[in-house]
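I have placed the structure first, in the form of structure tokens, so that the comments after it can refer back to it.
4 protein chains.
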Amino acid sequence: MSVDVTALERQARRSLPAAVYDYFAGGSGREQTLRASEAAWREVALLPRVLRDVSRVDTSTEVSSASLRTPVGVAPTAFHGLAHPDGELATAAGAAAAGALYVMSTRSSRRIEDCAAATAAAGGTWWFQAYVMRDRELTAGLVRRAAAAGAAAIVLTGDTPVVGRKRRDRGDSVVTEAMFRANIGPDADLGAAEQAADVTFADIGWLGELSGLPVIVKGVLRPGDALACAGHGAAGVIVSNHGGRQLDGAIAPARALPGVVAALRDTPRCEVFADGGLRTGEDVLAALALGARAVFVGRPVLWALACGGAGCVRDLLTGLTTDLGHAMALAGAARIADLDGLAAADLDGLAAADLAAADLAAVDPSPR
Amino acid sequence: MSVDVTALERQARRSLPAAVYDYFAGGSGREQTLRASEAAWREVALLPRVLRDVSRVDTSTEVSSASLRTPVGVAPTAFHGLAHPDGELATAAGAAAAGALYVMSTRSSRRIEDCAAATAAAGGTWWFQAYVMRDRELTAGLVRRAAAAGAAAIVLTGDTPVVGRKRRDRGDSVVTEAMFRANIGPDADLGAAEQAADVTFADIGWLGELSGLPVIVKGVLRPGDALACAGHGAAGVIVSNHGGRQLDGAIAPARALPGVVAALRDTPRCEVFADGGLRTGEDVLAALALGARAVFVGRPVLWALACGGAGCVRDLLTGLTTDLGHAMALAGAARIADLDGLAAADLDGLAAADLAAADLAAVDPSPR
Amino acid sequence: MSVDVTALERQARRSLPAAVYDYFAGGSGREQTLRASEAAWREVALLPRVLRDVSRVDTSTEVSSASLRTPVGVAPTAFHGLAHPDGELATAAGAAAAGALYVMSTRSSRRIEDCAAATAAAGGTWWFQAYVMRDRELTAGLVRRAAAAGAAAIVLTGDTPVVGRKRRDRGDSVVTEAMFRANIGPDADLGAAEQAADVTFADIGWLGELSGLPVIVKGVLRPGDALACAGHGAAGVIVSNHGGRQLDGAIAPARALPGVVAALRDTPRCEVFADGGLRTGEDVLAALALGARAVFVGRPVLWALACGGAGCVRDLLTGLTTDLGHAMALAGAARIADLDGLAAADLDGLAAADLAAADLAAVDPSPR
Amino acid sequence: MSVDVTALERQARRSLPAAVYDYFAGGSGREQTLRASEAAWREVALLPRVLRDVSRVDTSTEVSSASLRTPVGVAPTAFHGLAHPDGELATAAGAAAAGALYVMSTRSSRRIEDCAAATAAAGGTWWFQAYVMRDRELTAGLVRRAAAAGAAAIVLTGDTPVVGRKRRDRGDSVVTEAMFRANIGPDADLGAAEQAADVTFADIGWLGELSGLPVIVKGVLRPGDALACAGHGAAGVIVSNHGGRQLDGAIAPARALPGVVAALRDTPRCEVFADGGLRTGEDVLAALALGARAVFVGRPVLWALACGGAGCVRDLLTGLTTDLGHAMALAGAARIADLDGLAAADLDGLAAADLAAADLAAVDPSPR
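Chains as they are written, first to last, in this note's numbering: chain A, 46 to 413; chain B, 46 to 413; chain C, 46 to 413; chain D, 46 to 413.
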């Protein structure tokens, strides 16, 4: 391994205030989903191919029409200013330097336009993650600014009508109001900036028209929901349980992914991504082998930020990509497309397939 | 979480005599069923829905024709006087204040009529749990009193022809004779008040006619038994292994529930409930997602009683309901009916369905 | 529980020389099968029935045409003289006093006739377990003596063509030559008394003709073998892995039992028994629920012998029977026949059924 | 057990420098595959047969037309000179003395011809394991020398286009350049001697023509790959994950074996072997029962070498063979062919069969 995320986390933990570390590291409820999500990737049995020419391994991929050097991107996480003085500027620069897709959070501690500039300076691609807020005009404003600043897509967070309760929370003290107001501005009503609980599939279309950009829905775990997203015009879904921070007990992405992939098999214009618990090149390979087009890492980026800012973020993403390439060679896969079918169809996978069939039978995808 | 039952139990344990704590906490035999029942709810993988309007989450439900603010009720447990001086009066008042159904135990340390008055004072609904005793007239007397005092249903305990042996038992010394005689009176023969071992499906009808009330059978784990209960006129079944206090080795409610729900799918007048090992809002959500119409908690109520009487019982039930509502929002379910199908059809679930088919093939439901 | 075998073993361990304890307690190889066999009974999920009249629970059963008060018998184990000065005389007397079937070992430290007399004195039933020795006449002599002394059946040990290697063995020093010669006599060649490695299905017939008694084969784990035994005239098979002392890695009896029961469903004259790892009344209930007609306990009898001779053996067997009866009442089973189908058809069970089908397809049962 | 590999490893660990021990013992990545491979053999449930004549147990077998006294051979591992001054000369002599097949590594610390002479002196059979190096002429030279020296087959390593990263690595310091150059000679370019990453199925034919010998492909885990190897003329495949030293997360051999065996059922000229994690006679029996024709052990040979050179290697292999023979007798198998079907068709096995079907449907076996 050229990357050791466990060591990185250990180092970050030493340098961060305990409350900040817990804010980033914690999950909701009994943290069952948090733990299970990381473990589930390791339980995917891999079936490498032999005697393939892997003298040139290519980790590049195309995501939502953009060419990327790596399928490992940065998941949206809140308030990078807590991890490093440069905050999201460092994240953006590090991701772009690694050729990795950067998903900018609505809850950034730096202004959208500044993060965009940091990405653009290094030739990077970025998406904007939108929470639909109680005051939709507030959201619309941010989305329009993101589109104007060069976002390539809008990520609609589908799994956060309310915020999960974290067992490690010590109140909200780690996030300053200044940080919270970085993008909504000094005058916005804080309550109006909270997540709306009435976000529905119709908002996919709303955000698409507003921005003129592809819309990707994050937090999808059910085959039927994935098909409904596609039916409402989504360009992709991210199989995610929000890093174990929303519904505790929610299924691990590794277990939900096969069902979602099966549901969208005949709908290639809606791409499938995954995040949650990925820590090594082999984990990434497992996710791609189960059918994800690309993946995102969240907490590891925060640890890298805390340890060394932009350079360390770049090294993390470059390292994971190197490790993925190495694992691809070991697996007999010269290109990412060669990873298809590399994971053993295990029993969970079969259950997921059954689930897909059952769930889809009950869905009205409401084609747009 | 707004409720932490583990912390509540810890606090109660400190304040209760060890023998009383063990009397409440213990299970039968190797306590396998006790442990497995709690663990099994956590093993239910949940598949939350996204992009649903959950701006108004409604936890209210209708149970056996009664409207309730919450599907979390109080399971019948014995001798609350051991946990708090006010005993069942506190339980009744706390449950009613939370809008929760209270199932009063035959083995109450307070008189039926007094508990009923405490419930009525706060506008609550209650059921009366009946052990059929060796002297059936003793049972009949209690049931008639319960009906006269305003019970909404009779719960027939089906799983206690004899009493399970608890490994933590130190004799019966914790229960005083005065407590035992609270409802059967000073003159009743104690042997005659023990559980009858010849209770059968016919007693569903007997209790129904006696009381003029719906009869719900508690302790049902088999699909075939559930159908037989319905055939004999039961208005509901409670999937339960008596809190792990009867047959050690009995299946966990979370594993038995899908089979029972499948068996009664076409018999909606016979409702399905569950108890045993539920400790959080997510656990409750899992049970409802597997098809339970409502659930009951036993030991947590005892810990709350011991920690703070009626107020603490109310807070426990209100807290669990709040947590359930929060989990429902996270799961994309605005109403309890929306929880249907939210649990992944895992392998145990499939086995349960097979079991239902096999068990039902062997049943003569003896329609009433 | 009225019986606590774990405590009994602890007490026996304190009173026995360490080498003797290890001789009795140990298993072969890594002791995987030893451990798994005990664990597997606990993993059988039970589905008790409710609302059955269990005011009179009857644990009596009929085994190979003999009426017994209990389905819990004594498995054949070697050299009880190591556990108690009275050796098998105490075992025989204790078993008979409990109304339990006693399977006398070829490797008894007391003479067949003396053990038979001890059984007869208390009105007991016994079977004789035969190893086919290299010198078959030696075996024939023992079997004829057993038949003459009143054995009700011959148990042919099918799983011991050679002796498994125990990891706890410190040589054979615990067994004295005098003990070994108790039944084969002072002049027999010790090598000739070792197990023959060429025992086959044909020996079922040989032993039957020799003794005029029913022959039961011990050590059967495969459905196909069970059917072949029946085809060669066996009156029963004991599903057993020799207490984890022969092939390490062999399947646990609880997992093999359903397949064997399925194979012999249409051959009722060949009864199915089980032994290995049974420690409580609930374990016994699980075995009967999976289709065993009766069960045998080995090591617990040795611990009882060591702790208190005949009286303690009687108390062990009576206690297990009481516990079984109690568990039956809790399970809604008034008679042993009512236990059929009480175990959940779990995934292992399904695998066993598949196995039965596959194994049977490959068998030529060679009808006699 | 006559062999205790755990004790042997403990002893070797004490006598070897820590870096050398780690070099031999370590695996790649999180060492998940390393651990899982050993555990998986123990999880194979065995179903011994009873009442078979096993008075003469024969462990001999025929492998690729050669008669061998044992199906337990020596897997190719690198640089035995690190374990013992005699290096591969001791390994070769010990294997031959045990009648076991010796697979000589390309990375031997002794010259091919010298190892061959040591094997021939004891009447042994050996195969030559070839890495295809970047300079194919270097490989061709070694293969021609091996053929001239009497190799019976060429083993093409299929799973090492690049070298897995070991977490215990402390750099390459344990391997001296002199050792590395033992066979490629003093003048060869070290880079040219590294593994080629463009080895393909076509190289099976290349090596076969070059050597005039059967070619066996090592590292095959997929049914489809096995069929493709056969289609390109391979005489066998070794189901292997390179001892957990290549792709971490790769499936355990015990889980992959049934699928490969199923794929080649109708292609008997392509034999199936297995290695990885086998430590006891029972493990070997499990592998043969799952359909392997022979197996190979790697690390245990290194521990034996370190503990006592050729004699200890001979004792290890003879001991494992004795233990296998003993286990065969306990399993009712007089010949290796009798082991077929001895392993319970467990759920993993069923999944593997499903996998075989799915994988084969996607393969173009490119018949030669």
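A virtual CB, placed ideally from N, CA and C, is assigned to each residue, including glycine.
In the structure shown, what three-state DSSP assignment does residue i receive?
i: B/T106; result: strand
i: D/L384; result: helix
i: A/D311; result: coil
i: A/I261; result: strand
i: C/G118; result: strand
i: D/G69; result: One point to set straight first is that residue 69 of chain D is Phe, not Gly, in the sequence displayed. Correct three-state label for D/F69: helix.
i: C/Q466; result: The question about residue 466 of chain C has no answer here: the residues shown for chain C are numbered 46 through 413.
i: B/L91; result: strand
i: D/L392; result: For D/L392, the predicted structure reports a pLDDT of 37, less than 50, and the residue's modelled location is therefore unreliable. The matter cannot be settled from this model.
Assuming residue i and residue j form a contact by the criterion Cβ under 8 Å, report the distance between their Cβ atoms to the nearest whole angstrom.
i: B/A223; j: B/S82; result: The Cβ separation is near 32 Å, so there is no contact.
i: B/T115; j: B/A143; result: 7 Å
i: C/V50; j: C/P345; result: 5 Å
i: D/A241; j: D/V177; result: 5 Å
i: C/L323; j: C/I381; result: Going by Cβ atoms, the distance from C/L323 to C/I381 rounds to 15 Å, so no, they are not a contact pair.
i: A/A331; j: D/G294; result: 6 Å
i: C/W171; j: C/I199; result: That pair is no contact at about 11 Å.
i: D/G278; j: D/G250; result: 6 Å
i: D/A319; j: D/V284; result: 4 Å
Taking DSSP's pairing of strands, which residues face residue i in a bridge?
i: D/L252; result: Partner(s): none; D/L252 has no beta bridge.
i: C/T202; result: C/K263
i: D/M149; result: D/F173
i: D/F341; result: D/G118 and D/D320
i: B/M178; result: B/Q240
Just to confirm the assignment, what range does the beta strand (DSSP E) spanning residue i have?
i: A/S112; result: A111 to L113
i: D/V320; result: Reading the sequence as shown, one finds Asp at residue 320 of chain D and not Val. Per DSSP, D/D320 belongs to the beta strand (DSSP E) from E316 to D320.
i: A/V284; result: G281 to V284
Over the uninterrupted alpha helix (DSSP H) stretch that includes residue i, give me the two end residues.
i: B/I296; result: Here B/I296 belongs to no alpha helix (DSSP H), and DSSP marks it neither H nor E.
i: D/V50; result: V50 to S60
i: A/V329; result: G326 to A334
i: D/L272; result: P268 to G276
i: B/F225; result: E222 to I229
i: C/A135; result: E133 to A142
**Request:** Select from the segment 90-104 of chain C all residues with a C-beta closer than 9 Å to any C-beta belonging to chain B, and list them in chain order.
**Result:** Close to chain B, meaning a Cβ-Cβ distance shorter than 9 Å, are the following residues of the segment 90-104 of chain C: A90, L91, L92, P93, R94, V95, L96, R97, D98, V99, S100, R101 and V102.
**Request:** Could you run through the segment 307-338 of chain A and flag, in chain order, every residue whose CB is less than 7 Å away from some CB of chain D?
**Result:** Within the segment 307-338 of chain A, the residues whose Cβ lies closer than 7 Å to some Cβ of chain D are T325, E327 and A331, listed in chain order.
**Asked** Got a sec: which bits of the segment 57-79 of chain A sit with their beta carbon under 9 Å from any beta carbon on chain B, in order along the chain?
**Response** Per Cβ criterion, the list reads S73, G74, R75, Q77 and T78.
**Request:** Select from the segment 371-383 of chain C all residues with a C-beta closer than 8 Å to any C-beta belonging to chain B, and list them in chain order.
**Result:** Residues of the segment 371-383 of chain C whose Cβ lies closer than 8 Å to any Cβ of chain B, in chain order: H371, A372, A374, L375, A376 and G377.
**Request:** Mind checking the segment 235-256 of chain C against chain D and listing, in chain order, the residues whose C-beta falls within less than 9 Å of any C-beta there?
**Result:** Per Cβ criterion, the list reads A241, A242, D243, V244, T245, F246, A247, D248 and I249.
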